[in-house]
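Peer 1:
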Amino acid sequence: LCGLAILVAGAISYANIDEINHALKDVNIQGSPIALIVVGSIVFIIAFYGCCGAIRESHCMIITFAIFLIVILIIEIAIGVVAFVNRDGYDEVITKNVEEMFGNYTKNDEYKTQVDSIQKSLECCGVNGPDYWTSSTFPTSCCVKPEGNCIYSKDPNVVFQAGCKAKLKEFLLNIGVFLGALAIAVGVIEIIGVVFALCLASSIKNKERR
């Protein structure tokens, strides 16, 4: 179940990040969800192996299962440490990418599509707010209800008031907190799994000696 939880969490995180990946082109933020998907798949296979060992009451299989769990736990800790160490470099890169994208909104169709996608998905407007746009370039993706008659407004019911740079940073922080909390929870469960596996292996060994 832990393996499935990690796999699903990794897939969800990857899908969410993919929506705003244009602004993260120099940030290896997709590495963590991909690592979670891989680790989740491996944990699921290892857990199945451990269940087989418990059913067969195989001391060797259960010890191997415990060793695999310890290795996976070390890998998860390493992923967390790398993400924590690299967190300070994100702000500068996000600021640079966002300003480049928004600055080319009227000059490049690709940038226009990316900006509109980010403003819609994160419910934000402009780099630091709707004041970024002039009336002649005000995009409908800033509007809460783009199908209506939407113009520049300070009303949050009409136009998104938050800036996209701040929203992107908040989004990444939330993803990081979610993945961190999941990693801690799964790590605790894996430690408990190792302890129970070693206890079961010891019990089977004692049973074989009798």
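Going by our numbering, the first residue of the sequence shown is number 637, and it counts up by one from there. Glycine is no exception: its CB is placed at the ideal position from the N, C-alpha and C atoms.
Alpha carbons only, please: which of K756, K790, M737, L804 is nearest the one belonging to C778?
Peer 2: Per the Cα distances, K756.
Peer 1: What does the alpha-carbon distance come out to for the pair F814 and K841?
Peer 2: Near 40 Å, if we compare the C-alpha coordinates of K841 and F814.
Peer 1: Counting along the chain, where does the alpha helix (DSSP H) carrying S757 start and finish?
Peer 2: Where S757 is concerned, the enclosing alpha helix (DSSP H) stretches over 745-758.
Peer 1: Taking Cβ positions, are V927 and L804 nearer each other than 8 Å?
Peer 2: Here the chain comprises residues numbered 637 to 846, so residue 927 is not present and cannot be evaluated.
Peer 1: To the nearest angstrom, report how far apart A819 and E712 are at their CA atoms.
Peer 2: About 7 Å.
Peer 1: By how many angstroms is the C-alpha of A714 removed from the C-alpha of Q797?
Peer 2: For Q797 and A714, the distance between alpha carbons rounds to 38 Å.
Peer 1: Report the option in S694, V831, I706, P792 whose CA atom is closest to the CA atom of V679.
Peer 2: Taking only the C-alpha atoms, the option nearest V679 is I706.
Peer 1: Would you decide whether E736 is buried or exposed? Buried here means 16 or more other CB atoms lie within 10 Å of its CB.
Peer 2: E736 is exposed by the Cβ-count criterion.
Peer 1: What does the alpha-carbon distance come out to for the pair A702 and I811?
Peer 2: Spanning the two alpha carbons is a distance of roughly 30 Å.
Peer 1: So what's V674 in DSSP terms, helix, strand or just coil?
Peer 2: V674: helix per DSSP, three-state reduction.
Peer 1: Which residues in the same chain have their Cβ closer than 6 Å to the Cβ of I698, if we skip the five residues on either side of it in sequence?
Peer 2: Hits under 6 Å: G689, A833, L836, A837.
Peer 1: Got a sec, what are the start and stop residues for the alpha helix (DSSP H) E736 sits in?
Peer 2: Here the alpha helix (DSSP H) through E736 covers 726-739.
Peer 1: Are the beta-carbon atoms belonging to F807 and I787 less than 8 Å from one another?
Peer 2: Contact: no.
Peer 1: For F704 and F684, what's the separation of their Cα atoms in angstroms?
Peer 2: Taking the straight line joining both Cα atoms gives about 12 Å.
Peer 1: Roughly how many whole angstroms lie between the Cα atoms of T742 and K748?
Peer 2: Between T742 and K748, the C-alpha separation is close to 7 Å.
Peer 1: How many Å lie between G686 and N740 at the Cα?
Peer 2: Spanning the two alpha carbons is a distance of roughly 55 Å.
Peer 1: In this structure, how does DSSP classify C779 when only helix, strand and coil are distinguished?
Peer 2: C779: strand per DSSP, three-state reduction.
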